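Heads up, the thing below is written out as structure tokens.
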Amino acid sequence: DKIKIFAPATIANVGPGYDIFGLALEHIGDTIEMSWRDDDQIQIDPLDGFPEIPVAASKNIAGIVAQEMLKKQNIKKGLNIRISKNVMPGSGLGSSGSSAAGAAFALNELLGKPFSSTELIQFAMLGEKATSGKAHADNVAASLLGGFTIIKGYKPLQIFNIPFPENLYIAVVHPQIEVKTSDSKKVLKKELGLDAVIQQGGNIAGLVAGLMGNDFKLIGASMNDLIAEPIRSFLIPGYHQAKKMVLENGAIGCSISGSGPSIFAFTDGKAKAKEIAKLLSDFYNQLEIDNKVYCSAIN
Ligand code: HSE
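Sequential numbering from 284 applies to the sequence shown in this note's numbering.
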């Protein structure tokens with residue numbers, strides 16, 4: 284038995300939805316091939332140019348997730364896991380999340396689908412915990428379920444999808460400086476004042492209503508975030524200038540992707556997303572910061 288799957292990269296938080304909102308991207312992510320071995324070893328083979336991916340099963344995200352699932356099923360078989368990544372670890376595009384989600388999905392198929400999608404998300408969250416110290420579900424849920432996902436709650440874990448406008452596109456720039464989710468979670472304030480909670484709640488509600496009601500103006504007006512953006516933006520060179528530039532050039536909204544340093548902008552249509560991606564790339568080229576841009580719909 285052998286399986287090959289694609290696990291999309293994701294944008295977590297999506298403005299005001301810290302640890303709550305996630306969306307899956309098109310064509311960007313991990314391809315994972317998994318097959319049984321005759322012995323009980325878990326062998327990881329990275330098939331790409333990211334040599335820093337740990338290959339020991341207990342250190343590799345996909346390996347950690349697979350070990351937990353096999354343990355739960357009381358299965359002592361080994362696995363070959365071949366991972367091809369096209370999103371760099373530390374980009375803020377859910378690189379660890381897509382490996383965790385992809386491993387959970389692929390192994391569930393090999394096992395004959397014993398686990399529900401919520402259980403797969405929980406296994407994948409163990410991979411996130413190992414990398415970032417916190418078992419956030421926003422990346423892995425979006426990667427496993429696709430579309431736009433909302434974590435209604437963590438205890439118990441409750442996740443659902445909402446519809447979004449068909450013409451909503453995304454331009455992403457990854458300025459290639461590394462920001463670790465674990466570090467970038469530590470810098471956040473642990474408390475928020477009542478005024479901020481009210482504003483944040485309004486933005487969360489506004490974004491959901493905007494997405495479900497195809498209201499691009501409301502989506503844009505709701506993209507402000509008072510939890511992560513004010514602090515993490517300091518870790519991203521040129522962030523405020525880049526955001527201002529894309530909004531002046533017709534992007535609907537703009538924020539940090541996950542824990543950064545990638546920045547994303549929503550646009551009305553693909554052509555606009557391409558134009559905005561080009562502006563972002565030119566901007567970081569001018570700052571002499573290597574960068575990679577992507578255009579995508581929600582997948
Ligand atoms: N919600 C998580 C965070 C996502 O912002 O730390 C990390 O990609």
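We put the beta carbon where it would ideally sit given N, CA and C, even for glycine. Just so it is clear, the structure is predicted and the values come from calculations on it, not from any experiment.
Contact annotation: I535 and F517 have beta-carbon atoms that are not nearer than 7 Å. Burial state of F443 is exposed, judged by a 10 Å Cβ sphere holding fewer than 16 other Cβ atoms. Taking the Cα of S564 as reference, the smallest distance to any Cα among A580, S579 and I546 is reached at I546. For G305, the pairing in a beta bridge is given by DSSP as A295 and T432. Annotation for K473: no beta strand (DSSP E) segment contains it, and DSSP assigns it neither H nor E. In this structure I311 touches L376 by the C-beta definition: roughly 7 Å separates them, less than 8 Å. Under the three-state reduction of DSSP output, M317 falls in the strand class. Counting only residues of its own chain and dropping the five nearest sequence neighbours on each side, G361 has a CB closer than 8 Å to the CB of W319, R320, D321, D322, D323, Q324, I325 and Q326.
Relative to the ligand HSE, S542 has its C-beta within less than 6 Å of a heavy atom. Cβ-Cβ distances below 6 Å link I364 to M317, I327 and A345 in the same chain, with the five nearest sequence neighbours on each side left out; the list follows chain order. A contact is defined here as three or more CB-CB pairs under 8 Å, and the segment 434 to 441 meets this definition with respect to the segment 411 to 423. Looking at the DSSP output, N444 shares a beta bridge with T432.
Contact check between the segment 471 to 483 and the segment 494 to 506: fewer than three CB pairs, one atom from each, fall below 8 Å, which does not count as touching.
Taking a contact as a CB-CB distance under 8 Å, the pair V370 and A292 counts as one, their CB atoms being some 5 Å apart. Of the candidates S379, A384 and P397, the residue whose Cα lies closest to the Cα of N357 is P397. For K468, the CB falls within less than 6 Å of some heavy atom of the ligand HSE. Taking the Cα positions, A307 is about 16 Å away from S538.
Assigned with DSSP and collapsed to three states, F549 falls in strand. Rounded to the nearest whole angstrom, the CA to CA distance from V462 to A386 is 24 Å.
The beta carbon of L409 is closer than 8 Å to those of I347, V348, E351, A383 and A418 in its chain, skipping five residues each way along the sequence. In its chain, beyond the 5 residues on either side, P544 have a beta carbon closer than 6 Å to the beta carbon of I460.
By the Cβ neighbour-count rule, N343 is buried, with 16 or more other Cβ atoms within 10 Å of its own.
In the DSSP assignment, Q326 forms a beta bridge with N363.
Spanning the alpha carbons of N532 and I559 requires a straight line of approximately 7 Å. The Cβ atoms of I286 and L393 sit closer than 7 Å to each other. Residue Y452 holds the alpha-carbon nearest to the alpha-carbon of A580 among K354, Y452, A389 and L353.
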